[in-house]
Amino acid sequence: MAVTRLQVSFLLLLATVLMLSGCASKPFHERSDQELTALLIERSGISTTLTSLPKSLDEGLEKQREKFASQPEVFELMVKSFREAFDPKRLIKNMEDEVTLKLNRQDKLAVLEWYDKPLGRKAYLMEGFMDTQQGQDAFGTYIDSFEKDNKTPDRDLLEFAAKLARETQALQIMVDTMSSVSLGLITGFNGLLPEEKRMNIFEIDQRLLTIRQHLSEQMAPSVVLVLAFTYKDLNAEERTQLLAFFSRGAGRKYMSTLAQGMNSNLERAAMRVGDGVARGVAQLPEKSTSGRVPASTNK
């Protein structure tokens, strides 16, 4: 049941994807389709998640710096390629395009108006708390209390959280986010190799599949625990209403659109890392690329 800080970070970012704010400066039906799309992306938490991603990427890359001690130019190229590939503005624009393509005006209005109701507002406050340091600390205490007493949360609450995870495709979204970082590293290191030694797309896909399977097995319990903690103060009727919204109609279509959009968006970004590194390596002085891939990473 142990949950690492990295897992908690991604899970708490994911939590903001599930709820929307209920405030609006003017009625939704008076807004243009473009405004509705932008509002959905902003209030769903997608923009926050994607804007925060570069920081997580920088932290992950920093752990690789020592491996490039003799090739600082190559390391900086990796960092530059990641930042360009995962540029938040580009990723957010891609998600807006996905929503525009998959959701019609009626779908957008239905989702926004549902979240403008009392339950949507209540859930939004719960999500807001989870996005604070106090919320993260409270979640840690929540988990520790069960591990200390060798107990589990209320059975009904866990069943609700598991159903919500399935309906919102929460695990898929989180795995897509985390695996995109791994894929970016794979394609980045691959771009450092001489062309004749680079992995082909099939070999990369095989590595990614293994990573995704591992993440899915590792993170499935964590997703349920985060959702259980987030919504533990909803009563039985409210939980039923929440599940009903995400299991049919515009709510289901909305979450499916977000999940599919995040998957394709982040995967394309990760592949751009390799392309950027390959182009950059060709422009570096020969002495900077001698050896190219550190021995400890060329496996």
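Read the sequence shown against our numbering and you will find it ends at 833, with the numbers running on by one and no gaps. Ideal placement from N, C-alpha and C gives every residue a C-beta, glycine not left out.
Cutoff 8 Å: glutamine 775 Cβ touching any chain C Cβ: In the structure shown, chain C cannot be found, because there is only a single protein chain.
Continuous alpha helix (DSSP H) assignments of at least 4 residues falling wholly in the region 634-695: 639-648, 652-664, 667-683
Methionine 733 in three-state terms, based on DSSP: coil
Among Lys614, Leu777, Asp650, nearest to glutamate 693 - alpha-carbon criterion: Leu777
C-beta atoms of leucine 591 and phenylalanine 620 nearer than 8 Å: yes
Pairwise C-alpha distance: arginine 806 and glutamine 605: 22 Å
Buried or exposed by the 16-neighbour rule on C-beta atoms within 10 Å, applied to phenylalanine 763: buried
Spatial distance of alanine 770 from glycine 579 (CA atoms): 25 Å
Reduced DSSP category for tyrosine 788 - H, G, I as helix; E, B as strand; rest coil: helix
Alpha-carbon to alpha-carbon, alanine 603 and glycine 810: 21 Å
Cα-Cα separation between phenylalanine 562 and alanine 812, rounded to whole angstroms: 46 Å
Alpha helix (DSSP H) segment containing arginine 599, residue limits: No alpha helix (DSSP H) contains arginine 599, which DSSP labels as neither H nor E.
Within 8 Å, strictly: CB atoms of tyrosine 788 and aspartate 641: yes
Residue nearest to proline 755 in terms of C-alpha spacing, selected from Ala696, Asp690, Lys731: Ala696
Exposure label - threonine 744; buried when at least 16 CB within 10 Å: exposed
Nearest-angstrom Cα separation, counted from lysine 560 out to glycine 725: 49 Å
Which of helix, strand or coil DSSP assigns to cysteine 557: Interpretation of cysteine 557 is limited by its pLDDT of 44, a score under 50 that renders its predicted location unreliable; no figure is taken from the coordinates.
Integer Cβ distance of isoleucine 575 from serine 581, believed to fall under 8 Å: 5 Å
Rounded C-alpha distance that separates leucine 818 from leucine 637: 45 Å
Valine 815 in three-state terms, based on DSSP: helix
CB of methionine 796 within 8 Å of CB of aspartate 690, strictly: no
Reduced DSSP category for asparagine 845 - H, G, I as helix; E, B as strand; rest coil: Residue coverage of the chain in this structure runs from 535 to 833, which leaves residue 845 outside it and unanswerable.
Terminal residues of the alpha helix (DSSP H) in which arginine 617 lies: 606-619
C-alpha gap between phenylalanine 780 and methionine 660, whole angstroms: 17 Å
CB of alanine 803 within 8 Å of CB of glutamine 706, strictly: no
Endpoints, the alpha helix (DSSP H) within which aspartate 567 is located: 567-578
Whole-Å CB distance - arginine 746 paired with serine 713, under 8 Å assumed: 5 Å
Given valine 613 as reference, the closest of Ser790, Leu584, Glu801, Gly718 once Cα atoms are compared: Gly718
Length of the line joining the Cα atoms of leucine 570 and arginine 782: 21 Å
Burial state of phenylalanine 673 (16 or more Cβ within 10 Å): buried
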